[in-house]
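Student: One structure, pasted below without further comment.
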Amino acid sequence: MATVNLQNVEAQTQELEYLRLAHGLAQRLGTLLELKPMAETLAHALAEIASAERVLVLATEMNSDMLRFAGGFGMGELRAEQALYPFSDRSEVIETWRCGEYVVLQPGQMPIRLADLVGQQCLSIGFYVENALQGAAFLVDPANGTLPDESICQLLTSLAPTIAISLRSAREHTMMKKTLTGKLQEHQMLRRIDRDLLDTIELDAVFTMTLDWAMRFTTAEGATLSLYDQDADTLYGFVDLGYSMSPEQIQTLRAAHDATIAHRVARSGRAEIVPDVSYDSNYLMLSNRVQSHVSVPVMREDRVIGVISVESKRLNGFADDHLEFIEKLASRAGVAIDNARLYTDTRREREKLSRILSNIADVVIVVGAEGNIGLINQSAFSVFGLPPEVDYMGRPFEEVFAETEFLQLFQRARRLGGITVGELTTADERTFSANLSHNESIGWIIVMHDITPLKEIDQLKTELVHTVSHDLKQPLSIMNGYVELLLMQEKLDDVGQNWAGMIQKSIQKMRQLIDDILDLAKYESGLKLETSPLPISIVISESITATSLSAEQKNTQIINEVGDDITMVQGDASRLVQVFTNLIGNAIKYSPKDSSVTVSAQRRETTIRIAIRDNGYGIAPEDQARIFDRFFRVRRPETREIEGTGLGLAIVKKLVEAHGGEIGVESRLGEGTTFYITLPLADEELA
Numbered sequence: 003m004a005t006v007n008l009q010n011v012e013a014q015t016q017e018l019e020y021l022r023l024a025h026g027l028a029q030r031l032g033t034l035l036e037l038k039p040m041a042e043t044l045a046h047a048l049a050e051i052a053s054a055e056r057v058l059v060l061a062t063e064m065n066s067d068m069l070r071f072a073g074g075f076g077m078g079e080l081r082a083e084q085a086l087y088p089f090s091d092r093s094e095v096i097e098t099w100r101c102g103e104y105v106v107l108q109p110g111q112m113p114i115r116l117a118d119l120v121g122q123q124c125l126s127i128g129f130y131v132e133n134a135l136q137g138a139a140f141l142v143d144p145a146n147g148t149l150p151d152e153s154i155c156q157l158l159t160s161l162a163p164t165i166a167i168s169l170r171s172a173r174e175h176t177m178m179k180k181t182l183t184g185k186l187q188e189h190q191m192l193r194r195i196d197r198d199l200l201d202t203i204e205l206d207a208v209f210t211m212t213l214d215w216a217m218r219f220t221t222a223e224g225a226t227l228s229l230y231d232q233d234a235d236t237l238y239g240f241v242d243l244g245y246s247m248s249p250e251q252i253q254t255l256r257a258a259h260d261a262t263i264a265h266r267v268a269r270s271g272r273a274e275i276v277p278d279v280s281y282d283s284n285y286l287m288l289s290n291r292v293q294s295h296v297s298v299p300v301m302r303e304d305r306v307i308g309v310i311s312v313e314s315k316r317l318n319g320f321a322d323d324h325l326e327f328i329e330k331l332a333s334r335a336g337v338a339i340d341n342a343r344l345y346t347d348t349r350r351e352r353e354k355l356s357r358i359l360s361n362i363a364d365v366v367i368v369v370g371a372e373g374n375i376g377l378i379n380q381s382a383f384s385v386f387g388l389p390p391e392v393d394y395m396g397r398p399f400e401e402v403f404a405e406t407e408f409l410q411l412f413q414r415a416r417r418l419g420g421i422t423v424g425e426l427t428t429a430d431e432r433t434f435s436a437n438l439s440h441n442e443s444i445g446w447i448i449v450m451h452d453i454t455p456l457k458e459i460d461q462l463k464t465e466l467v468h469t470v471s472h473d474l475k476q477p478l479s480i481m482n483g484y485v486e487l488l489l490m491q492e493k494l495d496d497v498g499q500n501w502a503g504m505i506q507k508s509i510q511k512m513r514q515l516i517d518d519i520l521d522l523a524k525y526e527s528g529l530k531l532e533t534s535p536l537p538i539s540i541v542i543s544e545s546i547t548a549t550s551l552s553a554e555q556k557n558t559q560i561i562n563e564v565g566d567d568i569t570m571v572q573g574d575a576s577r578l579v580q581v582f583t584n585l586i587g588n589a590i591k592y593s594p595k596d597s598s599v600t601v602s603a604q605r606r607e608t609t610i611r612i613a614i615r616d617n618g619y620g621i622a623p624e625d626q627a628r629i630f631d632r633f634f635r636v637r638r639p640e641t642r643e644i645e646g647t648g649l650g651l652a653i654v655k656k657l658v659e660a661h662g663g664e665i666g667v668e669s670r671l672g673e674g675t676t677f678y679i680t681l682p683l684a685d686e687e688l689a
């Protein structure tokens, strides 16, 4: 009985010792997260427990059937690839390890590399977690070739679960760290690629840089990037790196090869890895050293725009991480290629535009929203006497054209906004028609056309008009005088009186027509206004007074909403009264009886807008485009009997533009018409 109790005590003591050792080993191993330090510590601990002179610790590889060297004791300098142990889940050794038992291995039972390292029989223990092998340890005592006694072997097998958990944790931590480090390095590399690609807008540089990064990451033999025309189903614009053949030789090879892997990928839009190119009939051999190939499509908005091809001298030389990196590179290259192509197209169009602008006689100037010159052509240099060797791009417009009539025209255009048209006379007495139009995205676009020959012709026309008009007025006066004498000397019956009245009326119409023609010719030849600040209300009031008799005859009410507005405009009083008298008179004339005409004004930042609104017959859209043309009259049944020369609105337009203003019209048939006059405010109003 005493013997049994003693055995129980010894067993319990041994079990406690096993637990103590297991707890101590777990604590030591638990502080180590890296696989190599943990395996080295484990090898030392196993050597200490088993009194072994050499211990080899192997760990399973992820997604592989290999046990690889992780750490050792007494093994000298070993690298991971020097100790490999292939295992199979169905082998006898693995089955014994899985059951929690140790296995004594003889050299003949070991792989050659492992046998060379161990050299004699050894004790092997497998480490399992949830029926999954995590690693194994091989213990050797070369001094006498003996193995640890049974109690030590049992102790080692009892420690196996604890070791397996630590081994799995360390291996997973190491793999995770390796993965994270790789991802971090890849992220840093991609950031650098993004920076490099964004700094490059030359298409060839984008191609070369993309291929350089692809070869650097995959350690490839050669690489090619080509563009793809999906409509024509052709690859073009090839750039090759890493090949010993000349570009001409490569081009000859491609011309003789109808189908390639890259072309196949471009058509399908799916990346391909070819582990062994000798089995692919579409492979185009650019180097006899190449054994594996990968092609990745470059996409933009669901369209294939190019293909990146990378080749290696190793069989199966590309892994999934290589493919993933090239795909990320391809997505970045797609953006860079698009930007480079847009830049190339823009530069080509700019050069084309520059050549066109350099060879046209018209002056073309573009001024940005901030007032700096963005474009100026050669004609501007000669017209304004600017030194052609000076760079005017980016310089302020007001600085380049300081104290010139051109600057005044530009400043007026900026005040008014929209489109401004004016005339300029240069130092060499040439006359230019200037069109200044504002564009929200560009700024001001200025085009000037030489109209000197037209002005000379116009002057001849004006002189002719003056001469002919003068010659016409004299016989008209004589005719009118004789009609008046006839009426004074002879007693005419009612028919005669009517005929004489018709003659006088026709003479008066002809005089009015001649006066209008002379006025228009005078305004077109360059009217000199005598301007001064004056209240707009005075101008409107005088114009309403001048048309009051016509309004009374048609029982038309004129509503003056301008009232006593003292807003000051810069203008010639008599000419402005002529403008508004004409417009108010037309509103009365082209409205039915018992109507109303409303005059209103709206002040803006630098201008005032006066509206003359009637509820008359209205103007058709096709007529609105021509109502300011000379001699044009609206021909409708309602207006057939209304008399006029067709010059009134043409004169009004000239007078408004001479004041630096604008005129416009809005009208709908049967709903009336509104004419708008925009005039610049006087300087004291802007102060």
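If you count the sequence shown from 1, position 116 lands on 118 in this note's numbering, and the numbers rise without skipping.
Every residue, glycine too, gets a C-beta built ideally from N, C-alpha and C.
Small disclaimer: the values here were computed from a predicted structure and weren't measured.
1) Provide the residue(s) that pair with Leu426 in DSSP beta bridges, ordered along the chain.
2) If we call anything under 9 Å between Cβ atoms a contact, is Val131 one with Ala166?
3) Considering only residues of the same chain and omitting the five flanking positions on each side of Asp566, which have a CB-CB separation below 7 Å?
4) Are Val306 and Gln232 close, meaning C-beta to C-beta below 9 Å?
5) Determine the extent of the beta strand (DSSP E) in which Lys614 is found, giving its start and end residues.
6) Considering only the alpha carbon of each residue, which of Leu116, Val208, Ile629, Ile378 lies closest to Phe240?
7) Between which two residues does the beta strand (DSSP E) harbouring His295 extend?
8) Do you know how far the Cα of Met112 is from the Cα of Leu31?
9) Within a Cβ cutoff of 6 Å, which residues of the same chain sit near Glu83, ignoring the five residues on either side of it in sequence?
10) Does Asp616 pass the burial test, meaning 16 or more other C-beta atoms within 10 Å, or should it be called exposed?
11) Candidates Met570, Arg352, Thr433: which alpha carbon is nearest Asp460's?
12) Are Leu409 and Phe399 touching if we call contact CB-CB under 9 Å?
13) Give the range of the beta strand (DSSP E) segment to which His661 is assigned.
14) Thr454 to Ser435, Cα distance in whole Å?
15) Measuring only the C-alpha atoms, how far is Asn557 from Gly674?
16) So Ile546 and Ile568 are supposed to be a Cβ contact under 8 Å. How far apart are they, rounded?
17) Taking buried to mean at least 16 other C-beta atoms within 10 Å of its own C-beta, is Gly445 buried or exposed?
18) At which residue ranges does the segment 304 to 382 contain complete alpha helix (DSSP H) runs of 4 or more residues, listed in the order of the chain?
19) Take Lys457 and list the residues in its own chain whose beta-carbon comes closer than 6 Å to its own, dropping the five residues that flank it on each side.
20) Quickly, what does DSSP pair Gln604 with across the bridge? List them, please.
21) Taking just the CA atoms, how far does Gly271 sit from Gln626?
22) Hey, quick one: how far does the beta strand (DSSP E) through His451 stretch, first residue to last?
23) Measuring straight from C-alpha to C-alpha, what distance separates Ile590 and Ser669?
24) By alpha-carbon positions, which one of Ser248, Met40, Glu152, Asp242 ends up nearest to Thr176?
25) Could you tell me the alpha carbon to alpha carbon distance between Asp242 and Asp304, rounded to whole angstroms?
26) At the level of alpha carbons, what is the spacing between Ala553 and Glu544?
27) Between the segment 598 to 613 and the segment 654 to 661, can you find at least three pairs of beta-carbon atoms closer than 8 Å?
28) Should Gly246 go down as buried or exposed, given a rule of 16 or more other Cβ atoms within 10 Å for buried?
29) By DSSP, does Thr675 sit in helix, in strand, or in coil?
30) If we ignore side chains and look at the alpha-carbon of each, how far apart do Pro535 and Thr609 end up?
31) Have a look at Glu431 and Asp574 and give me their C-alpha separation to the nearest angstrom.
32) Helix or strand or just coil, what does DSSP make of Asp57?
33) Is DSSP giving Asn588 helix, strand or coil here?
34) When DSSP builds the beta bridges, which residues end up paired with Leu141?
35) Leaving aside the five residues before and after Cys101 along the sequence, list all residues of the same chain whose C-beta is less than 6 Å from its C-beta, in chain order.
Tutor: In terms of the structure at hand:
1) If you number the sequence shown from 1, residue 426 lands on position 424. Phe434, per the DSSP bridge assignment.
2) Translated into the one-based positions of the sequence shown, residue 131 becomes position 129. Translated into the one-based positions of the sequence shown, residue 166 becomes position 164. Taking C-beta atoms as the reference points, Val131 and Ala166 count as a pair closer than 9 Å.
3) On the sequence shown, position 564 is the one that residue 566 refers to. The beta carbon of Asp566 lies closer than 7 Å to those of Ser539 in the same chain, with the five residues before and after it left out.
4) Counting from 1 along the sequence shown, the entry for residue 306 is found at position 304. Counting from 1 along the sequence shown, the entry for residue 232 is found at position 230. Contact flag set, yes.
5) Numbered from its first residue, the sequence shown carries residue 614 at position 612. Reading the sequence as shown, one finds Ile at residue 614 and not Lys. 609 to 616 is the extent of the beta strand (DSSP E) around Ile614.
6) To locate residue 240, count along the sequence shown from 1; it is residue 238. Checked all of Leu116, Val208, Ile629, Ile378; the closest Cα to Phe240 is Val208.
7) Indexing the sequence shown from 1 puts residue 295 at position 293. 294 to 302 is the extent of the beta strand (DSSP E) around His295.
8) On the sequence shown, residue 31 is found 29 positions in, with the first residue counted as 1. On the sequence shown, residue 112 is found 110 positions in, with the first residue counted as 1. Spanning the two alpha carbons is a distance of roughly 28 Å.
9) Residue 83 sits at position 81 when you count from the first residue of the sequence shown. No answer about Glu83 holds up, because its pLDDT of 48 lies below 50 and its placement is not dependable.
10) Sequence index remark: in the sequence shown, residue 616 carries index 614 (1-based). Buried, because 16 or more other Cβ atoms sit within 10 Å of the Cβ of Asp616.
11) Here residue 460 refers to the residue found at position 458 of the sequence shown. Here the closest residue by C-alpha is Thr433.
12) Sequence index remark: in the sequence shown, residue 409 carries index 407 (1-based). Sequence index remark: in the sequence shown, residue 399 carries index 397 (1-based). Using a Cβ distance threshold of 9 Å, Leu409 and Phe399 count as a contacting pair.
13) Locating residue 661 in the sequence shown gives position 659, counting from the first residue. Counting along the chain, His661 falls outside any beta strand (DSSP E), and DSSP gives it neither H nor E.
14) One-based indexing of the sequence shown puts residue 454 at position 452. One-based indexing of the sequence shown puts residue 435 at position 433. In a straight line, the C-alpha of Thr454 is about 9 Å away from that of Ser435.
15) Within the sequence shown, residue 557 is the residue found at index 555, counting from 1. Within the sequence shown, residue 674 is the residue found at index 672, counting from 1. Distance from the CA of Asn557 to the CA of Gly674, rounded to the nearest whole angstrom, comes to 17 Å.
16) Residue mapping note: residue 546 aligns to position 544 of the sequence shown, counting from 1. Residue mapping note: residue 568 aligns to position 566 of the sequence shown, counting from 1. Actually they are not in contact, since the Cβ atoms of Ile546 and Ile568 sit about 17 Å apart, beyond 8 Å.
17) Residue mapping note: residue 445 aligns to position 443 of the sequence shown, counting from 1. Looking at its Cβ environment, which holds 16 or more other Cβ atoms inside 10 Å, Gly445 is buried.
18) Segments of the alpha helix (DSSP H) lying fully in the segment 304 to 382: 322 to 360.
19) Counted from its first residue, the sequence shown places residue 457 at position 455. Here the set comprises Thr433.
20) Your numbering for residue 604 matches position 602 in the sequence shown. Beta-bridge pairing links Gln604 to Arg611.
21) Locating residue 626 in the sequence shown gives position 624, counting from the first residue. Locating residue 271 in the sequence shown gives position 269, counting from the first residue. Approximately 57 Å, taken between the alpha carbons.
22) For the purposes of this step, residue 451 is taken as the residue at position 449 of the sequence shown. In the DSSP annotation of this structure, the continuous segment of the beta strand (DSSP E) that includes His451 starts and ends at 445 to 452.
23) As a working note, residue 590 is residue 588 in the sequence shown. As a working note, residue 669 is residue 667 in the sequence shown. For Ile590 and Ser669, the gap between their C-alpha atoms comes out near 15 Å.
24) Sequence index remark: in the sequence shown, residue 176 carries index 174 (1-based). Of the candidates Ser248, Met40, Glu152, Asp242, the one whose C-alpha sits nearest the C-alpha of Thr176 is Met40.
25) Within the sequence shown, the letter at position 240 stands for residue 242. Within the sequence shown, the letter at position 302 stands for residue 304. Each residue's Cα considered, the two are about 25 Å apart.
26) The residue given as residue 553 occupies position 551 in the sequence shown. The residue given as residue 544 occupies position 542 in the sequence shown. Those two C-alpha atoms are separated by around 14 Å.
27) No contact exists between the segment 654 to 661 and the segment 598 to 613.
28) As a working note, residue 246 is residue 244 in the sequence shown. Checking the displayed sequence, the identity of residue 246 turns out to be Ser instead of Gly. Label assigned to Ser246: exposed.
29) Against the sequence shown, residue 675 aligns to sequence position 673. Strand at Thr675.
30) As a position in the sequence shown, residue 535 is number 533, starting the count at 1. As a position in the sequence shown, residue 609 is number 607, starting the count at 1. When rounded, the distance between both Cα atoms is 13 Å.
31) Within the sequence shown, numbered from 1, the residue matching residue 431 stands at position 429. Within the sequence shown, numbered from 1, the residue matching residue 574 stands at position 572. Their backbone Cα atoms lie some 27 Å apart in a straight line.
32) Position 55 of the sequence shown holds residue 57. Here residue 57 turns out to be Val, not Asp, going by the sequence shown. In this structure, Val57 counts as strand in the three-state DSSP scheme.
33) In the sequence shown, counting from the first residue as 1, residue 588 sits at position 586. Residue state for Asn588 is assigned as helix, using DSSP reduced to three classes.
34) Stepping through the sequence shown from its first residue, residue 141 is reached at position 139. BP columns for Leu141 point to Val57, Leu125.
35) By one-based count along the sequence shown, residue 101 stands at place 99. Correct list: empty, nothing qualifies.
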